[in-house]
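Novice:
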Amino acid sequence: MFIKTADKKDKNTGKVYHYYKLCESYRIGNKIRHRIIHILGKLDEIQSDKEKKMLADRIEHYLSGG
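If you use this note's numbering, the sequence shown corresponds to residues 0 to 65, in order.
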């Protein structure tokens, strides 16, 4: 699992907002697809890719019954 970022721009103010989604990768034939597991919303505290990976790992551990 991994965390994917989606950027949305407010047309009125021009401000960009970052929203996060928990995703997993899977294959259909030779193509890799991403499936959204959960939309996490706006998480201002997450800044780096390392923090995204840590959060995804913790959620995956929790969902697996750990």
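All C-beta atoms, glycine included, are put in the ideal place defined by N, C-alpha and C.
1. Measuring CB to CB, does His37 end up less than 8 Å from Leu21?
2. Roughly how many angstroms lie between the CA atoms of Leu39 and His60, to the nearest whole one?
3. Which same chain residues, not among the five before or five after Asp56, have their C-beta less than 8 Å away from its C-beta?
4. So the alpha helix (DSSP H) Leu62 belongs to, where does it begin and stop?
5. Could you give the distance in angstroms between the alpha-carbon of Gln46 and the alpha-carbon of Lys30?
Specialist: If we stick to the structure as given:
1. Position 38 of the sequence shown, counted from the first residue, corresponds to residue 37. Position 22 of the sequence shown, counted from the first residue, corresponds to residue 21. Yes, Cβ-Cβ distance for His37 and Leu21 is below 8 Å.
2. Stepping through the sequence shown from its first residue, residue 39 is reached at position 40. Stepping through the sequence shown from its first residue, residue 60 is reached at position 61. About 16 Å.
3. Along the sequence shown, read from residue 1 onward, the residue named residue 56 stands at position 57. For Asp56, where only same-chain residues beyond five positions count, the Cβ hits under 8 Å are Met0.
4. Position 63 of the sequence shown, counted from the first residue, corresponds to residue 62. Its alpha helix (DSSP H) spans residues Asp48 to Leu62.
5. What you label residue 46 is simply residue 47 of the sequence shown in a count that begins at 1. What you label residue 30 is simply residue 31 of the sequence shown in a count that begins at 1. Going from the Cα of Gln46 to the Cα of Lys30 covers about 30 Å.
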